[in-house]
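Comments concern the structure below.
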Amino acid sequence: MIKFFLMVNKQGQTRLSRYYEYIDLHKRTILEAEVIKQCFSRTKEQCSFLEYKDFKLVYRQYAALFIVVGINETESELDVSFLIPLIYFFLCSCSSLPKAYYLANS
Numbered sequence: 212m213i214k215f216f217l218m219v220n221k222q223g224q225t226r227l228s229r230y231y232e233y234i235d236l237h238k239r240t241i242l243e244a245e246v247i248k249q250c251f252s253r254t255k256e257q258c259s260f261l262e263y264k265d266f267k268l269v270y271r272q273y274a275a276l277f278i279v280v281g282i283n284e285t286e287s288e289l290d291v292s293f294l295i296p297l298i299y300f301f302l303c304s305c306s307s308l309p310k311a312y313y314l315a316n317s
C-alpha cells in the first residue's frame, strides 16, 4: 500500500505531496526532510529502493525533480518503480495544480 507521494526539487523544496494516511503536520515536515536527505545522499549507481523506518522508499530522479513514493513492507518495489514514470508523464501533462492533486488522489 502506498503511504505517501512526494515531488521534490533539487533545492529540497516539496512541490507536491500526498499522504494516504494521517500524519501530524510536524511529523510530516520531519519525515519529508529526512526522506529528502536519504534520497539526495545516494549516487546514481546505487539502487533507487531503500528502507526507512517502517516503510520502503522508491524514488526516481527526473532532471531537477525527485519523485519519492513511500510504501509498506508488502508492496512490490518494482511495481511502484514502473508506476513512477506514468505518474511523471501525467503530472507533466497537467496544466494546473488542482489537476495535479486530482491525479495524486486517484
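First residue of the sequence shown: 212, per the numbering used here; consecutive thereafter. Beta carbons: idealized from backbone N, C-alpha and C, even for Gly.
Check                                                                                                                              : Outcome
C-beta atoms of Tyr-299 and Tyr-273 nearer than 7 Å                                                                                : yes
DSSP state of Thr-240 mapped onto helix, strand, coil                                                                              : helix
Euclidean distance between Cα positions of Lys-221 and Val-280                                                                     : 16 Å
Given 8 Å, three or more beta-carbon pairs between the region 216 to 233 and the region 244 to 252                                 : yes
Contacts around Phe-215, its chain only, beta-carbon distance under 6 Å, and the 5 residues preceding and following it disregarded : Tyr-230, Gly-281
Contact check, Leu-268 vs Leu-276, beta carbons under 7 Å                                                                          : no
Within 7 Å, strictly: CB atoms of Ile-295 and Arg-271                                                                              : yes
Residue closest to Pro-309, alpha-carbon to alpha-carbon, out of Leu-227, Met-212, Leu-217                                         : Leu-227
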